[in-house]
Structures are given as C-alpha cells and as structure tokens.
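Trainee: Would you mind keeping the following structure in view while I ask a few things?
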Amino acid sequence: MTRAEPQDMLSAVAVTKAFGAHLALDNLSLAVTKGGVIGLIGPNGSGKTTLFNAITGIHSPTSGSLHFAGRDITGRASERIAQLGIARTFQNLKVFRRLTVFDNVLGAQNSASDMTMWQMLFSVRRNETPRRDRVEHILERVGLTDRRHALAQDLPLGEQRRLELARALAREPELLLLDEPAGGMTPQETDTMAELIHDVAEAGPTVFLIEHKMGMVMRLCRHIVVLNFGRKIAEGTPKQVQSDAAVREAYLGSVARHA
Ligand SMILES: Nc1ncnc2c1ncn2[C@@H]1O[C@H](COP(=O)(O)OP(=O)(O)O)[C@@H](O)[C@H]1O
Ligand SMILES: [Mg+2]
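Using our numbering, the first residue of the sequence shown is number -5, and each one after it goes up by one.
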C-alpha cells in the first residue's frame, strides 16, 4: 500500500517511528475499514502501542503518514485528533483515581485524554451538565450503574478498565482504540470485557483492538493485523492468521526469547 484509499476509515502509509537507532515501527502500512472489531496483535515490544500513540498524536511518526476519515492526521495534536472522532484507552489506566465513577464519565464528555483533573473539573462546571442522562446510559452499557458513587481508585481492576472504556465512549468516537483492555483480568472479567467490546462495536464505533488474550481476539475480530519488530508480518481473518507460518514463528520465537 503506497497511499491512503478513500474507503478506509483509518490508514497508515509507510509509517516509521524511530526512538534513537531503534525502529519501533518500520515502514508499516495498514488499513482499518469501517465496522466491527479489527485486531492488532504481536509479541511484546512489536510496536502495537507505538502505533496507537502515533495515531492519537502522542508521538509524531518519523516518516510516513496517517489518515482518518479522508484527512491527513499525521503529526496533528492529540486534542484535534480526538475531536475528529478517535478515542482510546491506555494499557496503563488513566482514570481519575480520586473522582467518582460518575464524575470520571461526565468529565470525559468534554475533556481531552491528557487533561489534568483540575482542567477537567473546571470544564465540567462551565458546561453545567445537560448530559447527566447520557452518563447514566453509558454506565449502564458498561455495567457500572451500581458503582456510580464509588471512587475510581476503590474499583477492582476489571471495573477500572470498564470505567476507562466508558470514558472513551463518552466522547462518541467513530473509531475506538483499545490497548489491552483485558490486561491483568481474571478469566471471568475477561469474558465480561469481551462481551462488552462485542456490544460496543455492534452499536457504533469501529474498534481497533490490541490484546494478548488470543481466545478473545479470535472470537471478536473480523480482521487481524500481526506485527513483529515494527513490521506487518501477516493479516487476514482469525483463521488465516492462526495458520500463518510467520505468525507462529514470531510467537514461538518470542516465547523462546522470554524463557
Ligand atoms: N517513548 C519511547 N522511547 C523509547 N523507546 C520506546 C518508546 N516507546 C516504545 N519504545 C520501544 O519501542 C518498541 C515498541 O514498543 P511498544 O509499541 O510499546 O510495543 P508493544 O505495545 O507491541 O508491546 C519497544 O522496543 C519499546 O521499548
Ligand atoms: Mg503495548
């Protein structure tokens, strides 16, 4: 792929991201079309989070370009990219620990993902809440209605991750990037999260999902892109990817390296 195609919701064209001499992304091209869940997998350190950081304006690519809904978003500011309709969650959670569940979601409706708690509270006050009903609706969607008055820091990890998802949904994105939403979860919490992601994608935003739990990825995704050393080594349906020799080698190699 050497250019962005108009039918693609998101595309990366020959994106390279260097950290010093290390190429976290190496001439990576990929496209995400509208609808459903698209997976992004690969061994630890293969560049998955770096790609999300490039898409969301946290790091500018060293070269190459990124396109969303027909616009070139390469190197744009995070807030601008968020306004265009991309929301994300973080591998390391970014909920406001000392705010209630309700206030976390309320504040997310009109805050940038990198706002401080004070900036967020100030912006909530200014826009005095015709939107509390929407918060209730989102809390119901993610199953946190009963927890609305709890402080985020008092929730177990599984619920904190659902809260982070709720914050992203509050922005009504067209594209939702989820970075290991089931990381550190129990099998039961993982199942709940998988169902939730399925429902979210069915109702609205296209979901681009980074996840290590292969059962979940294979069950949810209609299309999967596989990275290794910052390069795309395979893509296709879950079945195609599972039977791909390069993918098997990448995962076996990474197990051997970490053993
Ligand atoms: N801000 C950074 N500075 C330096 N190196 C980084 C930075 N972010 C990521 N890297 C490196 O880039 C590579 C890819 O990292 P990452 O995208 O986090 O991988 P993944 O999410 O697939 O596990 C790793 O080698 C990592 O150490
Ligand atoms: Mg990562």
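Each residue gets a CB set at the ideal place from its N, CA and C atoms; glycine is no exception.
Just so you know, these numbers come straight off a predicted model, no measurement behind them.
Can you look up R82 in the DSSP assignment and give me helix, strand or coil?
Mentor: It is a strand residue.
Trainee: Pop quiz: L34 and V219 are said to be a contact at Cβ under 8 Å. What is the actual Cβ separation, rounded to whole angstroms?
Mentor: 5 Å
Trainee: So, for V26: in the same chain, excluding its five sequence neighbours on each side, which residues have a beta-carbon less than 6 Å away from its beta-carbon?
Mentor: M3, L4, I32, F202
Trainee: Would F84 be called buried (16 or more neighbouring beta carbons within 10 Å of its own) or exposed?
Mentor: buried
Trainee: Using alpha carbons as the reference points, say which of A63, G209, F96 lies closest to R141.
Mentor: F96
Trainee: If E174 and I132 are in contact, beta carbons under 8 Å, what's the gap, nearest whole angstrom?
Mentor: That pair is no contact at about 21 Å.
Trainee: On the DSSP bridge assignment, give the partners of H192 in chain order.
Mentor: In the DSSP output, where bridge partners are listed per residue, H192 has none listed.
Trainee: Leaving out five residues before and five after M187 in sequence, what residues of the same chain have Cβ atoms less than 6 Å from its Cβ?
Mentor: P175, A176
Trainee: Under the three-state reduction of DSSP, which class applies to V235: helix, strand or coil?
Mentor: helix
Trainee: Classify L246: buried if its beta carbon has 16 or more other beta carbons within 10 angstroms, exposed otherwise.
Mentor: exposed
Trainee: Following the continuous beta strand (DSSP E) through A18, name the residue where it begins and the one where it ends.
Mentor: For A18, the enclosing beta strand (DSSP E) covers residues 16 to 26.
Trainee: Less than 7 Å separating the Cβ of K42 from some heavy atom of ligand 2?
Mentor: yes
Trainee: Pick from L190, T94, N222: whose alpha carbon is nearest that of L172?
Mentor: L190
Trainee: Return the bridge partner residues of L221 from the DSSP annotation.
Mentor: K226, per the DSSP bridge assignment.
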